[in-house]
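Notes follow the structure.
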């Protein structure tokens with residue numbers, strides 16, 4: 012199984028860079044850690060993304076038949092896009108968190124109750140749940156396979172992962188197969204909560220499924236990768252623990268796992284989400300040389316054995332935050348349950364849901380879809396753009412352009428509702444970092460792309476990239492220089508500066 016990638020028209024301008032990287036991916040140090048720009052940076056001059064589609068727990072899939080991207084989510088929500096910028100709501104009305112039978116009809120057939128399709132899952136979990144959770148769609152040998160999950164009730168440990176199939180990406184889906192199920196009525200560390208399935212293929216063609224939530228953490232099972240049993244488990248049982256849950260068996264949860272492989276770094280990356288999906292969701296990542304682990308973070312901690320890994324482990328990619336330039340003090344909250352996709356030019360994208368937040372109050376209702384570019388720093392660690400994707404292409408930048416004032420968000424280490432709020436820092440042309448005129452650190456640029464910073468005694472490594480300033484009031488939005496980096500402790504730093512000369 013492979014999730015099929017195609018080259019986006021917007022990316023054609025730097026396809027030559029991808030070709031050169033592929034040619035020497037296993038050799039030269041200059042491309043060891045991912046795509047590196049070979050042309051000068053160009054800031055985007057227009058922003059036109061769609062931000063009004065709702066997909067809770069989005070799993071991105073590209074249809075190999077026509078190249079269309081789909082984001083499949085909980086509550087029967089589905090959106091589509093041709094470019095990862097403009098999205099159309101395909102299933103669901105885009106405003107409700109609890110879509111029901113009407114929305115499900117497109118996926119399971121007009122006039123067909125989805126409970127009559129998922130017979131064995133409903134028999135195990137019961138009929139009380141109003142919808143299914145976190146589906147993942149895959150394509151193999153002419154058939155679309157949707158892996159879904161169902162629980163007895165929200166927060167229940169009695170859950171099941173099943174699979175249905177179709178000859179059309181939007182259904183109707185049928186022919187249920189049960190993959191794995193749990194029997195606990197309450198969340199605990201005794202057995203995994205069988206929700207949030209995601210499939211991936213390893214570099215040798217092996218097929219795997221990661222899944223899980225809460226106390227018992229994240230598990231991985233190997234699946235058949237060929238024949239009539241394709242996509243079904245090779246062995247009974249729950250598989251192998253690869254990310255430990257919280258010691259108390261409950262909250263904050265660790266869930267929404269997603270694994271992807273980067274052939275340039277030769278690492279598998281496991282992303283998870285911590286926290287409450289309504290308030291303080293936040294995204295974490297670890298990596299491994301093997302598909303089934305061990306997965307370690309930047310500190311070297313093993314996610315399968317770290318005490319309270321479901322509360323503190325993994326590099327924190329992003330959490331609740333607010334740039335002060337944002338209109339009416341609006342920030343972003345509850346980012347998470349992401350998936351990742353790569354196009355043939357080598358660009359990586361994180362597809363996730365997020366809410367809006369005013370001040371420190373509870374985030375507004377609804378999970379809006381967002382797509383941000385994912386980059387790799389000089390140590391091979393992923394760092395996410397601080398803005399949503401608008402078609403921008405990264406490039407090299409001069410030190411004289413990097414030397415300017417930035418609004419900087421340092422994400423918190425903890426899972427918390429209060430947002431990390433930006434502060435102004437200046438990167439001076441003599442390699443210093445200052446705040447309110449006082450020196451607080453240093454910075455240096457390598458190869459016009461990689462940046463190393465020391466701020467307030469903490470070391471960060473990242474990249475300098477372009478982005479569209481979506482946080483400014485509409486009349487003042489424009490392309491700006493951005494920084495995204497991760498510290499030696501696994502804390503992310505985002506910065507938004509100004510123009511380049």
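Residue numbers (this note's numbering): 12 to 512.
Even for Gly, the Cβ is constructed at its ideal location relative to N, Cα and C.
- In this structure, the CA atom of residue 183 is about 20 Å from the CA atom of residue 241.
- A residue is called buried once 16 or more other Cβ atoms fall within 10 Å of its Cβ, and residue 57, having fewer, is exposed.
- About 5 Å separates the CB atoms of residue 197 and residue 168; that is less than 8 Å, so the two are in contact.
- For the 8 Å CB-CB criterion, residue 460 and residue 407 form a contact.
- Its Cα nearest to that of residue 333, the residue 342 stands out among 327, 326, 342, 305.
- A direct Cα-Cα distance of roughly 43 Å separates residue 498 from residue 115.
- Counting only residues of its own chain and dropping the five nearest sequence neighbours on each side, residue 236 has a CB closer than 8 Å to the CB of 12, 212, 216, 217, 218.
- Shown here, residue 254 sits in a strand according to DSSP, grouped into three states.
- The Cβ-Cβ distance between residue 289 and residue 431 does not fall below 8 Å.
- Annotation: residue 365 to residue 348 spans about 9 Å, alpha carbon to alpha carbon.
- Per DSSP, the continuous alpha helix (DSSP H) segment holding residue 412 begins and ends at 410–413.
- Within the stretch 351–410, complete alpha helix (DSSP H) segments of at least 4 residues are not found at all.
- Restricting attention to 275, 445, 130, 132, the CA atom closest to the CA of residue 353 is found in 275.
- Residue state for residue 112 is assigned as helix, using DSSP reduced to three classes.
- For residue 210, DSSP records a beta bridge to 220.
- Within the stretch 410–487, the complete alpha helix (DSSP H) runs of at least 4 residues fall at 410–413.
- Of the candidates 65, 411, 421, 509, the residue whose Cα lies closest to the Cα of residue 483 is 509.
- Under the three-state reduction of DSSP, residue 503 is assigned to strand.
- Taking the CA atoms as reference points, residue 247 sits about 18 Å from residue 160.
- Uninterrupted beta strand (DSSP E) stretches at least 3 residues long and entirely within the stretch 115–152 occur at 144–151, given in chain order.
- Within 10 angstroms of the beta-carbon of residue 311 lie fewer than 16 other beta-carbons, which makes it exposed.
- According to DSSP, residue 493 shares a beta bridge with 476, 507.
- Residue 207 has its alpha-carbon roughly 29 Å from the corresponding atom of residue 44.
- Three or more Cβ pairs drawn from the stretch 138–157 and the stretch 81–95 lie within less than 8 Å of each other, which places the two stretches in contact.
- In this chain, the beta strand (DSSP E) harbouring residue 161 covers 154–162.
- Its chain contains 482, 483 as the residues whose beta carbon lies nearer than 8 Å to that of residue 337, once the 5 sequence neighbours on both sides are disregarded; these appear in chain order.
- Judged by their CB atoms, residue 227 and residue 201 are nearer to each other than the 8 Å cut-off.
- The Cβ-Cβ distance between residue 507 and residue 493 falls below 8 Å.
- For residue 201, the three-state secondary structure derived from DSSP is coil.
- Distance between residue 194 and residue 174, taken at the CA atoms: about 18 Å.
- Inter-residue distance for residue 76 and residue 120 is about 21 Å (C-alpha atoms, whole angstroms).
- When DSSP states are grouped into helix, strand and coil, residue 85 belongs to the helix group.
- Put simply, of 134, 51, 346 the residue whose alpha carbon is nearest the alpha carbon of residue 67 is 346.
- In the structure shown, residue 315 adopts coil according to DSSP, grouped into three states.
- Distance from the CA of residue 396 to the CA of residue 486, rounded to the nearest whole angstrom, comes to 22 Å.
- Where residue 273 is concerned, the enclosing beta strand (DSSP E) starts and stops at 265–273.
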